[in-house]
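Residue numbers (the numbering used here): 219 to 391. One structure is given here, and the rest of the page talks about it.
This is the structure we're talking about:
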């Protein structure tokens, strides 16, 4: 199991969150609602049918050395989530508002489509295709996204500098 703590928390001021893909993470709701569950929100609006709630995307605040955080680290390589860090504390609802705007995109014929940006495989493929405006929309207040690389021994870090995507691979072992 990789220890991502040193990569995610650069200093004591860093706020770390995770975008969770319910469709890829068996037992996620039990973990979120369990005694050791984190502060979290669903990225879908309203009361969801149980089968939709099970596969919905969630946003959670992570804490160092917390049981939920350690459980997430144990799932590295399973495409459960995309990590994100911010340079200062931010409210969970503020981030929820930002990410909810990304849930729906429109196809070539104007039909609404769900955008699974919270799937680390999608984010890893999508971010490099973005122009400056799209990067600003994707990142919002986020300083860095961290996702599993194709090789699970590596984490890919995405950030933005001068309107350009900066990508860096970091060994996680």
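Ideal placement from N, C-alpha and C gives every residue a C-beta, glycine not left out.
- Residue 324 places its beta carbon less than 8 Å from that of residue 331.
- For the region 243-279, the continuous alpha helix (DSSP H) assignments of 4+ residues that do not extend past its boundaries occur at 246-251, 268-273, in sequence order.
- Counted as a single uninterrupted DSSP element, the beta strand (DSSP E) harbouring residue 324 occupies residues 322-324.
- Membership of residue 288 in the alpha helix (DSSP H) is indicated by the continuous run 285-292.
- If you ignore the 5 residues before and after residue 264, its C-beta comes within less than 6 Å of no other C-beta in its own chain.
- Within the DSSP bridge table, the entry for residue 317 names no partner.
- Here the alpha carbon of residue 349 sits roughly 42 Å from the alpha carbon of residue 253.
- Residues of the same chain with a CB within less than 7 Å of the CB of residue 326, apart from the 5 flanking positions on each side, do not exist.
- Under the three-state reduction of DSSP output, residue 354 falls in the helix class.
- Buried is the label assigned to residue 238, since at least 16 other Cβ atoms lie within 10 Å of its Cβ.
- Residue 345 is positioned such that its CB atom lies no closer than 8 Å to that of residue 372.
- 268 is the residue among 226, 384, 268, 234 whose C-alpha sits nearest the C-alpha of residue 246.
- The beta carbons of residue 301 and residue 234 sit closer together than 8 Å.
- Per DSSP, the continuous alpha helix (DSSP H) segment holding residue 226 begins and ends at 223-226.
- Secondary structure of residue 339 (DSSP, three-state): helix.
- Within the same chain, 358, 359 come within 7 Å of residue 316 by CB-CB distance, once the 5 residues on both sides are set aside.
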